[in-house]
Amino acid sequence: MDSAHIEFLAEKLPISIVPNFTHEKLYLIAGDVGPFTAGIPVEVPLWLAIDLCHRRKCRLIMPDWMDHEKLAEIKEEETQATGFTKMPCEHYMAVAQLLLSAEPEGIPDSQRVKTLLKDIWDLRMSKLQSSVANFIVSGGSYAKLDQLTLMEINSIRPLLPHSLDQLHRLARSSNTSELSQTQDL
Amino acid sequence: MNSRTLHHPSYSPNYFSLDDILATNEKLPCKFDRAVISMGFLDPSARSKDLEKGLKLELPLWMASALGSRRKIVSCSLPRAFNDRYKDILRADASLVDLHALSPYYYELGRHLLPLVGAEGATLGTHLISTLKKRLRGIMDNSLNCQEAETLSRKSHFDHLERRLFQTGRSIYQDHQLWLQRRTHLLHTVPTAPQQGKRKISEIS
Numbered sequence: 001m002d003s004a005h006i007e008f009l010a011e012k013l014p015i016s017i018v019p020n021f022t023h024e025k026l027y028l029i030a031g032d033v034g035p036f037t038a039g040i041p042v043e044v045p046l047w048l049a050i051d052l053c054h055r056r057k058c059r060l061i062m063p064d065w066m067d068h069e070k071l072a073e074i075k076e077e078e079t080q081a082t083g084f085t086k087m088p089c090e091h092y093m094a095v096a097q098l099l100l101s102a103e104p105e106g107i108p109d110s111q112r113v114k115t116l117l118k119d120i121w122d123l124r125m126s127k128l129q130s131s132v133a134n135f136i137v138s139g140g141s142y143a144k145l146d147q148l149t150l151m152e153i154n155s156i157r158p159l160l161p162h163s164l165d166q167l168h169r170l171a172r173s174s175n176t177s178e179l180s181q182t183q184d185l
Numbered sequence: 001m002n003s004r005t006l007h008h009p010s011y012s013p014n015y016f017s018l019d020d021i022l023a024t025n026e027k028l029p030c031k032f033d034r035a036v037i038s039m040g041f042l043d044p045s046a047r048s049k050d051l052e053k054g055l056k057l058e059l060p061l062w063m064a065s066a067l068g069s070r071r072k073i074v075s076c077s078l079p080r081a082f083n084d085r086y087k088d089i090l091r092a093d094a095s096l097v098d099l100h101a102l103s104p105y106y107y108e109l110g111r112h113l114l115p116l117v118g119a120e121g122a123t124l125g126t127h128l129i130s131t132l133k134k135r136l137r138g139i140m141d142n143s144l145n146c147q148e149a150e151t152l153s154r155k156s157h158f159d160h161l162e163r164r165l166f167q168t169g170r171s172i173y174q175d176h177q178l179w180l181q182r183r184t185h186l187l188h189t190v191p192t193a194p195q196q197g198k199r200k201i202s203e204i205s
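Chains Y and U, in that order, are what the protein sequence lines are.
Here the first sequence is numbered in UniProt numbering, starting from 1 and rising by one per residue.
Here the second sequence is numbered in UniProt numbering, starting from 1 and rising by one per residue.
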């Protein structure tokens with residue numbers, strides 16, 4: 001899976017917007033959206049919100065975690081905890097990336113928000129890498145991934161199974177050679 | 001880039017695996033247990049037409065395994081990279097060893113040696129596994145963190161199997177970097193396409 005696929009999945013998350021136009025309900029395959037009334041907040045999928053925002057048809061209402069104080073708290077919590085902490089949003093990287101590129105003026109201190117997000121990502125990635133290394137060295141057979149977001153899992157996805165594959169091949173061939181020797185005796 | 005390009009293993013059970021063919025071409029020291037008639041050309045320094053009993057020669061793995069295990073014409077010993085001295089070094093700190101200089105197909109070669117070396121096979125098997133386990137941390141960290149210009153120097157001391165793993169991690173890292181720069185949706189022309197020029201109707205029909 002590519003990062004672009006994950007962004008596609010993240011675009012299905014709902015977000016509130018304030019439209020500046022009036023339109024009746026939209027009937028889409030994925031569900032009904034609207035009706036839109038100028039000045040009244042309405043919840044729409046992220047992809048629609050981004051599109052409307054590009055056409056200057058609405059104002060985005062940022063999710064409450066897109067704020068440098070909240071993110072600094074999350075970063076602090078992540079630094080303190082030994083395991084992974086729960087993220088405010090399942091696709092925080094993708095959502096933040098889309099919102100920051102669509103309407104950077106809607107987020108106060110957007111540069112600081114960007115830096116904090118990058119910090120949180122780096123923290124979690126280094127944690128992930130060291131826990132994966134421990135997992136392999138200790139020869140564990142299962143791992144709990146419930147606090148990880150899809151983007152983070154994806155960043156390790158091809159590498160970890162590929163290495164386990166190779167380890168398994170080595171283990172299997174050493175087992176079979178042992179077996180054949182006992183049969184010879 | 002699609003998901004299939006990210007993960008494309010091709011290794012030894014696959015008959016056409018190039019890595020496997022190259023790995024089985026590595027030389028290992030063998031001793032002839034009986035005289036072999038008119039095969040003197042295998043030993044470039046020999047003058048006689050026949051190979052004598054007790055002659056020591058380096059044979060490629062594919063030949064040694066064919067002659068060694070069942071027909072008992074030659075007996076194989078482990079190549080330099082698998083002797084006790086190097087095993088001790090790898091046991092002490094596997095992550096610092098230049099495995100590529102030791103043997104470019106270390107793990108593959110080791111895997112193929114297992115049935116040939118008899119009783120040593122069991123310890124060799126566990127040794128291979130523990131070496132790879134110890135080195136995986138370094139491979140993962142390097143492939144997921146280092147700069148583009150550094151990749152060549154970083155992977156210079158990995159053996160071929162480790163380079164494959166490095167490349168796997170690298171491709172997902174590059175994909176993520178591209179996404180962060182918002183460039184995944186851009187399409188590129190194939191570099192050779194502009195050189196080809198326009199096609200003429202007479203050529204097509």
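C-beta: ideal position from N, C-alpha, C; glycine also.
From the beta-carbon of U:S143, the residues of chain Y found nearer than 8 Å are L159.
In the DSSP assignment, the residues bridged to U:C76 are U:C30. Within chain U, no C-beta atom comes less than 7 Å from the C-beta of Y:D51; the nearest is roughly 14 Å away.
Between the alpha carbons of Y:L46 and Y:L13 lies a gap of roughly 6 Å.
Neighbours of Y:L167 across chain U, judged by C-beta separation under 9 Å: I129, L132, K133, L136. Counting other Cβ atoms within 10 Å of its Cβ, U:Q195 stays below 16 and is therefore classed as exposed. Sequence-distant Cβ neighbours of U:G121 in its own chain, meaning closer than 6 Å and more than five residues away, are L114.
Shown here is that no member of the segment 20-52 of chain U has a Cβ falling below 7 Å from a Cβ of chain Y. In the same chain as U:A23, and ignoring 5 residues on each side of it, the C-beta atoms closer than 6 Å to its own belong to Y105, E108, L109, in chain order. In the DSSP assignment, the residues bridged to U:K56 are U:K31. The three-state secondary structure of Y:E43, taken from DSSP, is strand. For a Cβ distance threshold of 8 Å, residue set G125, I129 of chain U lies close to Y:A171, ordered along the chain. Per DSSP, reduced to three states, the secondary structure at U:S69 is coil, with no helix or strand assignment. By the neighbour-count definition (other C-beta atoms within 10 Å, threshold 16), U:P44 is an exposed residue. Runs of the beta strand (DSSP E) lying entirely within the segment 45-124 of chain Y and spanning at least 3 residues, in chain order: 58-60. Ranked by Cα distance from Y:S3, the first of U:G68, U:H185, U:L124, U:A119 is U:H185. Within 10 angstroms of the beta-carbon of Y:G39 lie fewer than 16 other beta-carbons, which makes it exposed. DSSP places U:P194 within a helical segment (H, G or I) once states are collapsed to three. Neighbours of Y:I136 in chain U, taken as residues at a C-beta separation under 7 Å, are given in chain order as K133, L136.
Chain-ordered, the chain U residues with CB closer than 7 Å to the CB of Y:Q129 read M140, D141, L144. With 16 or more other CB atoms across the displayed protein chains lying within 10 angstroms of its CB, U:D20 is buried. DSSP lists Y:L26 as the bridge partner or partners of Y:V33. Here the alpha carbons of Y:V113 and U:E26 stand approximately 55 Å from one another. For U:T168, the chain Y residues whose Cβ falls inside 9 Å of its Cβ are P158, L159, H162, S163, in order along the chain. Looking at the backbone, the Cα of Y:I156 and that of Y:A102 are separated by about 28 Å.
The beta-carbon of U:I73 is placed no less than 8 Å from the nearest beta-carbon of chain Y.
In the structure shown, Y:S16 adopts extended strand secondary structure according to DSSP, grouped into three states. Interface flag for U:R163 against chain Y is unset, since no Cβ pair is found closer than 8 Å.
Flagged as an interface residue toward chain Y: U:Y107, by a C-beta distance shorter than 8 Å. DSSP, read as helix, strand or coil, puts U:L186 in coil. Each residue's CA atom was taken as its position, placing U:C76 and U:R163 some 28 Å apart. Rounded to the nearest whole angstrom, the C-alpha separation of U:K53 and U:R80 is 23 Å.
Rounded to whole angstroms, the separation of the alpha carbons of Y:I50 and Y:I17 is 10 Å. Chain Y places a beta carbon closer than 8 Å to that of U:W179, counting this residue as a contact. For U:R111, the nearest beta carbon of chain Y is closer than 8 Å to its own beta carbon. In the same chain as Y:L116, and ignoring 5 residues on each side of it, the C-beta atoms closer than 7 Å to its own belong to H68, L71, A72, K75, in chain order.
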